[in-house]
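J.: One structure, pasted below without further comment.
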Amino acid sequence: MNQKDIRRMLALVDDRYLDEAQDWRPQRHRWPRWVALAACLCLVVGLGGFALSQWRVGSTNSTGDLDSSGSAPTSFSSYAGPVLQLTLGEETDAVAARRQLTYSLTPGIWRQDLEVVDGYSLTNASEEDVTLTVYYPFVGTLGDLATPSLTLDGEELAENSLLAGAVIWHQGSEGDLGGNYASDWEDYQAALEDGSYLAQAIAGVGELTDTVTVYWLQNADCSAAEGENPTLQFSAAIDPEATACFSYGMNGSQWDNETGIFGSSFSVDEEDFESDNLHCVILWGEDVTDYTLQGYENGGCYEGMETEVTATVLREETTWAELLPRLLEDYFSRNPLEGGASEELVAEATAQWIAENRWAVGMLDYDGISEILNGARVFWLEAEVTIPAGETVTLEAHLTQTASYNYADYSDSLLGYDLLLEAGSNLTVTETAVTLATPYGTQDWDIYAQNYGFDLENGVSTVTLDGEEVHYYLELNP
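Note that our numbering numbers the sequence shown so that position 51 is 60, with each residue one more than the last.
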């Protein structure tokens with residue numbers, strides 16, 4: 010099952026259930042995130058076979074620029090992110106650009122994507138050749154990464170590297186991140202506008218050389234246990250201001266604010282005794298003075314449900330730099346990467362996640378890697394471009410922009426596509442023109458809302474943006 014299949018299944022689910030699931034967002038601290046995700050997936054599986062009533066969602070945001078019909082842009086429950094603007098490694102007055110964007114609908118019944126050609130005519134007004142490092146930004150996820158291609162004067166730029174920024178979070182009241190993934194263009198604007206987001210991606214996290222204490226739980230045995238889901242819990246009292254607790258290969262996490270008891274647990278079956286599955290608790294900071302290893306009849310780990318489950322505990326002191334490759338090698342051996350992301354890029358993002366969640370209680374492979382793979386972020390293709398003195402070259406990015414949509418009715422809801430100008434770019438763009446390509450006829454473009462100024466009925470398929478707005482939106486009826 011791929012992402013498109015899941016979206017189509019979600020179209021069959023009554024919106025009130027999805028609204029409830031949508032209220033949950035990954036929390037940055039303390040509590041694990043996998044519980045709500047699992048509940049949402051169970052909801053999709055349980056209800057996917059029912060053809061529930063469908064209706065169009067047209068909720069609008071009370072903020073934002075009005076389109077020509079007086080409607081504000083729609084606030085989508087699944088926001089795909091905007092097309093962004095090229096930026097340079099170093100700002101220069103010698104080079105200016107004219108930008109030409111072309112949008113084309115991809116053929117097919119779902120018509121969820123736009124094929125985008127984002128072209129820049131780069132002119133060197135100086136008397137010397139200029140070599141630039143360019144960074145082309147695009148929104149995506151590590152778990153389903155589709156990388157644009159770059160061409161220079163029609164020839165593909167094969168030598169370029171890929172950088173990944175941190176997951177973009179929703180800007181709540183007074184700038185508080187609030188634990189929500191980015192849900193509108195303003196979240197991307199806030200993250201990108203001062204240039205620090207790109208600077209951090211270029212710098213990288215580097216090796217995490219801090220020492221950690223690892224408790225490996227090996228040779229788990231439930232042969233004498235009672236209950237339908239024998240579970241083994243490792244628990245200890247910690248000072249959350251002195252110790253961060255992570256786990257790997259564990260599917261339960263408990264935290265008691267009153268007692269300071271941290272618990273991490275995993276389900277044990279008869280095959281686990283002979284398997285090479287990794288189960289460990291990772292303490293970053295002060296070690297614990299004592300711990301308890303207790304079996305339970307199920308994953309609730311409730312008092313009164315104790316049973317006999319045993320394991321061998323091996324304590325190891327190591328560093329994140331030594332531990333993380335071992336864990337990721339194990340993870341990728343069981344969960345091969347799909348899409349265009351490399352294991353090296355995911356490793357860097359994982360190190361970044363660990364550094365950001367320094368004072369957290371979390372399951373590295375459940376909530377950590379889930380966030381790492383599924384959280385939307387900005388990527389950059391980095392390349393070098395030489396522009397001869399007094400001449401112009403054309404740099405084009407070829408990419409696919411996935412639509413924003415509403416969960417309640419994917420097959421019959423609005424599809425939204427955003428463009429965000431500037432957003433931290435230091436490239437001087439003197440003119441931006443946008444074209445709707447109509448190889449199948451203008452009737453394919455059923456425009457519900459926009460602020461570009463397209464008027465296909467009267468032959469206006471190309472517009473030059475006036476420069477007064479930074480956010481442009483196009484919404485289609487499928």
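Glycine included, each C-beta is placed from N, C-alpha and C at the ideal position.
What does the alpha-carbon distance come out to for the pair A89 and S413?
T.: In a straight line, the C-alpha of A89 is about 5 Å away from that of S413.
J.: Using 8 Å as the threshold, is the stretch 348–356 in touch with the stretch 229–248, meaning 3 or more CB pairs across them?
T.: These segments do not touch.
J.: So, helix, strand or coil for P91, using DSSP?
T.: Reduced to three states, the DSSP call for P91 is strand.
J.: Let me confirm a value: F271 is counted as buried when at least 16 other C-beta atoms fall within 10 Å, else exposed. Which label applies?
T.: Counting Cβ neighbours within 10 Å, F271 comes out buried, since at least 16 surround it.
J.: Determine the extent of the beta strand (DSSP E) in which P146 is found, giving its start and end residues.
T.: Segment 139–149, the beta strand (DSSP E) holding P146.
J.: Kindly list the residues whose CB is nearer than 7 Å to the CB of D339, restricted to its own chain and excluding five residues on each side of it in sequence; keep chain order.
T.: Only L287 meet the Cβ criterion.
J.: Suppose the cutoff is 6 Å on Cβ atoms and the five residues either side in sequence are ignored; what does the same chain contact list for T160 look like?
T.: Here the set comprises E405.
J.: Around the Cβ of I211, are there at least 16 other Cβ atoms within 10 angstroms (buried) or fewer (exposed)?
T.: Result: exposed.
J.: Using alpha carbons as the reference points, say which of Y129, E195, M372, P91 lies closest to N260.
T.: For N260, the nearest C-alpha among the options comes from M372.
J.: Sorry if obvious, but does the Cβ on L166 come closer than 8 Å to a heavy atom of the ligand MG?
T.: Among the ligands in the structure shown, none appear at all, so the ligand MG cannot be discussed.
J.: According to DSSP, what are the bridge partners of T328?
T.: According to DSSP, which records beta bridges pairwise, T328 is partnered with T220.
J.: To test your reading of the DSSP string, which unbroken beta strand (DSSP E) runs of 3 or more residues are found completely within the stretch 239–308?
T.: Qualifying beta strand (DSSP E) stretches, in chain order: 240–246, 252–257, 261–265, 270–276, 289–294, 301–305.
J.: What is the rounded straight-line gap between the Cα of S393 and the Cα of G433?
T.: Note on identity: in this sequence residue 393 is Glu, with Ser being the wrong assignment. Distance between the alpha carbons of E393 and G433 is about 19 Å.
J.: Alpha carbon to alpha carbon, how far is V438 from E391? Give it in angstroms, no decimals.
T.: Answer to the nearest angstrom: the Cα atoms are 19 Å apart.
J.: Check the DSSP bridge columns for Y190 and list the partner residues they point to.
T.: BP columns for Y190 point to W178.
J.: Give the range of the alpha helix (DSSP H) segment to which V355 is assigned.
T.: Start and end: 352–365.
J.: Looking at the unbroken alpha helix (DSSP H) that takes in N133, where does it start and where does it end?
T.: No alpha helix (DSSP H) holds N133; the beta strand (DSSP E) holding it covers 122–133.
J.: By Cβ distance, which residues of its chain are closer than 7 Å to G213, with the 5 residues on each side in sequence left out?
T.: Result list for G213: E357, in chain order.
J.: I need the DSSP call for P487, collapsed to helix, strand or coil.
T.: It is coil, neither helix nor strand.
J.: What separation, rounded to the nearest whole angstrom, lies between the Cα atoms of T473 and A442?
T.: Distance between the alpha carbons of T473 and A442: 4 Å.
J.: Please return the same chain residues whose Cβ sits closer than 7 Å to the Cβ of E315, not counting the five positions on each side in sequence.
T.: Excluding sequence neighbours, E315 sits near Q303, G304, Y305.
J.: With C-beta atoms as the reference, is L436 less than 9 Å away from P91?
T.: No, they are not a contact pair.
J.: Rounded to a whole number of angstroms, what is the C-alpha to C-alpha distance between D203 and Q209?
T.: So the two alpha carbons sit approximately 12 Å from each other.
J.: Nearest to F275 by alpha carbon, out of V290, T240, T252, W362?
T.: Nearest option by C-alpha distance: T240.
J.: Can you tell me which of the three DSSP states P312 falls into?
T.: The amino acid at residue 312 is misidentified as Pro; the sequence shows Glu. E312: coil per DSSP, three-state reduction.
J.: Going along the chain, which residues of its own chain have a beta-carbon closer than 7 Å to the beta-carbon of E124, five neighbours each way excluded?
T.: Answer for E124: S113, T115, T409, listed in chain order.
J.: Spell out a yes or no on whether the stretch 95–115 and the stretch 442–460 are touching, meaning 3 or more CB-CB pairs, one atom from each, closer than 8 Å.
T.: Touching, yes.
J.: Can you tell me where the beta strand (DSSP E) with S379 in it begins and where it stops?
T.: Looking at the DSSP string, S379 is not in any beta strand (DSSP E); the run it does join, the alpha helix (DSSP H), is 378–383.
J.: Are the CB atoms of I291 and L323 within a distance shorter than 9 Å?
T.: It is not a contact, given that the beta carbons lie outside the stated cut-off.
J.: Rounded to a whole number of angstroms, what is the C-alpha to C-alpha distance between W389 and T96?
T.: If you take the alpha carbons of W389 and T96, they lie about 10 Å apart.
J.: Any idea what DSSP makes of Y449, helix, strand or coil?
T.: Of the three classes helix, strand and coil, the one that applies to Y449 here is coil, per DSSP.
J.: Look at G174 and Y206 and say whether their C-beta atoms are less than 9 Å apart.
T.: It is a contact, given that the beta carbons lie within the stated cut-off.
J.: Between which two residues does the beta strand (DSSP E) containing L424 stretch?
T.: Note, L424: beta strand (DSSP E), 424–429.
J.: Using a Cβ-Cβ cutoff of less than 6 Å, which residues in the same chain neighbour N366 once the five nearest sequence positions on both sides are dropped?
T.: Correct list: empty, nothing qualifies.
J.: Whose CA, out of G269, G450, Y257, lies closest to the CA of C289?
T.: Minimum Cα distance to C289 is reached at Y257.
J.: Going by DSSP in three states, L333 sits in which element: helix, strand or coil?
T.: In this structure, L333 counts as helix in the three-state DSSP scheme.
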